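Below: one structure, written as structure tokens.
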Amino acid sequence: MSLFSAIDISSSGMTAQQLRVDVISNNIANANTTRTEEGGPYRREIPIFAERLERTVNGVVGKGVEVVKIAKDQSPFQKIYDPSNPDAGPDGYVKMPNVNVLREMVDLIAAQRSYEANATVISNVKAMASSAVQIGR
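Residue numbers (numbering that gives the first Met the number 0): 0 to 136.
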């Protein structure tokens with residue numbers, strides 16, 4: 000693996016984690032949205048990642064990560080009793096989004112750590128390249 004391949008792989012990971020942070024932020028921002036354009040409460044979104052592959056003469060080589068799609072979480076909505084809410088049903092219950100802010104914060108920390116790990120890889124690759132140049136002098 001070349002140094003540039005390592006940087007490319009890590010940068011694809013950083014891009015994927017940045018998108019993950021954006022999706023998590025959107026989920027948290029809509030944690031109390033009971034009415035959407037599609038009708039009903041906001042449904043939590045989840046980014047789906049896949050390995051980015053490249054075919055070579057020697058087989059298939061991993062070239063990083065890519066976002067395949069952003070899926071809707073199909074877990075059930077939460078219900079709270081609030082008959083005064085305009086979105087309440089005839090039974091007085093309001094369907095709330097299936098967003099758990101605590102889970103979103105844990106996912107946010109994991110995405111941040113992954114982003115930092117990829118940034119560290121790029122920093123180490125740069126240091127290795129610099130050391131290789133020094134050896135050649």
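Cβ coordinates follow ideal geometry from the N, Cα and C atoms, glycine included.
For clarity, every value in this text was computed on a predicted model and none was experimentally measured.
Quiz item: From residue 12 to residue 65, what distance separates their C-alpha atoms?
Solution: 8 Å
Quiz item: Going straight from the alpha carbon of residue 126 to that of residue 2, what length do you get?
Solution: Rounded to the nearest angstrom, the two C-alpha atoms are 11 Å apart.
Practice problem: Enumerate in chain order the residues of its own chain whose CB-to-CB distance from residue 53 is below 6 Å, with the five nearest sequence positions on each side excluded. | Solution: 60 and 62
Quiz item: In this structure, does DSSP put residue 60 in helix, strand or coil?
Solution: strand
Self-check item: Inter-residue Cα distance where the pair is residue 72 and residue 16
Solution: Rounded to the nearest angstrom, the two C-alpha atoms are 18 Å apart.
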